[in-house]
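Asker: In this note's numbering, the protein residues as written are 386 to 562. Glycine included, each C-beta is placed from N, C-alpha and C at the ideal position. Just so you know, these numbers come straight off a predicted model, no measurement behind them.
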């Protein structure tokens, strides 16, 4: 017998509540010991993962092709294209990695990009009359992007472990354009 989604939610809610009560009654020494054990386990797991993947690219001779489809799912908030496998149904067609679930609006900024020089717009949109020039542009687009990227960020990061994950905090940062 398989549990229904509603039963599963109730069971998980009950388990969360029990864990919360158990943690609230926990002795501080026991809590510290539990957190330290979790941190040791995370470090050991991370070291194991690192050693398992070390030089993996040198050991693999052939790699199977993996196709996740085409970029054909548009974000309902900003229109950015995503792969179908990136859809999270509870977000109702709005994505986090493009517009932070609709919280970021780039309409003001996008007006600057609408005023592209016609020559560049034609190359980007594959509408340039000279097909050879268009092909060369798209073959080298990554190099052009790298050469024209003027922003660099330098940050002083602080790494630390919490009870359940590794965290990084940027203390100071410099941005140069």
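(1) With DSSP run on the structure shown, which of helix, strand or coil describes residue 469?
(2) Looking at C-alpha atoms only, which residue of 518, 484, 529, 393 is the closest neighbour of residue 459?
(3) Answer with buried or exposed for residue 462, where buried requires no fewer than 16 other C-beta atoms within 10 angstroms of its C-beta.
(4) Assuming contact is defined by CB atoms lying nearer than 8 Å, are residue 474 and residue 456 in contact in what I supplied?
(5) With DSSP collapsed to three states, give me the class of residue 449.
(6) So residue 462 is in the beta strand (DSSP E); what residue range does that whole segment cover?
(7) Using the beta-carbon count (16 or more within 10 Å), is residue 505 buried or exposed?
(8) Helix or strand or just coil, what does DSSP make of residue 398?
(9) Classify residue 456 as helix, strand or coil using the three-state DSSP reduction.
(10) Quick one: what does DSSP say residue 503 is sitting in, helix, strand or coil?
Answerer: Working from what's here:
(1) Helix.
(2) The shortest Cα separation from residue 459 among 518, 484, 529, 393 belongs to 484.
(3) So residue 462 ends up on the buried side.
(4) No, these two residues do not count as a Cβ contact at 8 Å.
(5) Residue 449: coil per DSSP, three-state reduction.
(6) For residue 462, no beta strand (DSSP E) segment is defined, and its DSSP state is neither H nor E.
(7) By the neighbour-count rule (16 or more Cβ atoms within 10 Å), residue 505 is not buried but exposed.
(8) Residue 398: helix per DSSP, three-state reduction.
(9) Of the three classes helix, strand and coil, the one that applies to residue 456 here is strand, per DSSP.
(10) In this structure, residue 503 counts as helix in the three-state DSSP scheme.
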